[in-house]
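In UniProt numbering, the protein residues as written are 1 to 158. Each residue gets a CB set at the ideal place from its N, CA and C atoms; glycine is no exception. Everything on this sheet refers to the single structure shown next.
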Amino acid sequence: MNAQQQDTLQQLLQQYRDLPGGLLPLLHAVQDVLGHIPADAIPAIARAMNQSQAEVHGVIGFYHDFRTSPPAAHSLRLCRAEACQSMGSETLAAQLRTQLGVDDHGHTADGQLELRPVYCLGACACAPALQLDGQLHARVTPEKLSALLAACGKEAKC
Numbered sequence: 001m002n003a004q005q006q007d008t009l010q011q012l013l014q015q016y017r018d019l020p021g022g023l024l025p026l027l028h029a030v031q032d033v034l035g036h037i038p039a040d041a042i043p044a045i046a047r048a049m050n051q052s053q054a055e056v057h058g059v060i061g062f063y064h065d066f067r068t069s070p071p072a073a074h075s076l077r078l079c080r081a082e083a084c085q086s087m088g089s090e091t092l093a094a095q096l097r098t099q100l101g102v103d104d105h106g107h108t109a110d111g112q113l114e115l116r117p118v119y120c121l122g123a124c125a126c127a128p129a130l131q132l133d134g135q136l137h138a139r140v141t142p143e144k145l146s147a148l149l150a151a152c153g154k155e156a157k158c
């Protein structure tokens, strides 16, 4: 982390260290400000929250929204829950692997898009669903997915 990020981290640690159950809010705040939770921030977070580093890593690993590396320019979260699977999300996942050359939790080689599987976006009645840069897309077909990815390459925001 650079000096500015370390200063920001210290301010956040001061703000959350005495808050009961403050680890989750602290981790969210760190990620909101820094874009991810840097590995070199974990020892300081653990000390401030009176936790072991393993406990902090466990929380980060348990919740799929936490990132330990900088995010890609665009985030695609594909629902892999049962309703979406039954309506074709596995076909979409295979298309993404082929078209983008990434596996689940991967980034494209150019760093423009990250693929993250999730297990429910709350759009079961409109399956299969995905979320691209925070925007929900429902009843996604392979053709619609190709169009979304093409538009993503042309615009700063998908």
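- If you count every other CB in all the chains shown that lies within 10 Å of the CB of V33, and 16 or more means buried, which is it? exposed
- Query: Fully enclosed by the segment 4–72, which alpha helix (DSSP H) runs are 4 residues long or longer?
  - Reply: 23–34, 42–48, 53–62
- Task: May I ask which residues mark the beginning and end of the beta strand (DSSP E) holding C126?
- Result: Premise fails: C126 is in no beta strand (DSSP E) and is neither H nor E.
- Message: Going by C-alpha to C-alpha distance, which of D110, R116, A73, A109 sits closest to A93?
- Response: R116
- Task: Tell whether a beta-carbon distance below 8 angstroms holds between R67 and H36.
- Result: yes
- Query: Taking C-alpha atoms, which residue in T141, A54, Q14 lies nearest to L96?
  - Reply: T141
- Alpha carbon to alpha carbon, how far is R77 from G106? Give it in angstroms, no decimals. 11 angstroms
- Other residues of its chain near A129: CB distance less than 7 angstroms, five sequence neighbours each side excluded: C79, C84, L121, A123, L136, H137, A138, V140
- Integer Cβ distance of S75 from E114, believed to fall under 8 angstroms: 5 angstroms
- Item | Helix, strand or coil at R80 [DSSP, three-state] | coil
- Task: Helix, strand or coil for R139, going by three-state DSSP, please let me know.
- Result: coil
- Message: Going by DSSP, what residue range makes up the alpha helix (DSSP H) through L92?
- Response: 89–100
- Task: For L9, collect the residues of the same chain with a Cβ closer than 6 angstroms to its Cβ; drop the 5 residues on either side in sequence, then sort them by chain order.
- Result: A41
- Through-space distance from E143 to A151, alpha-carbon basis: 12 angstroms
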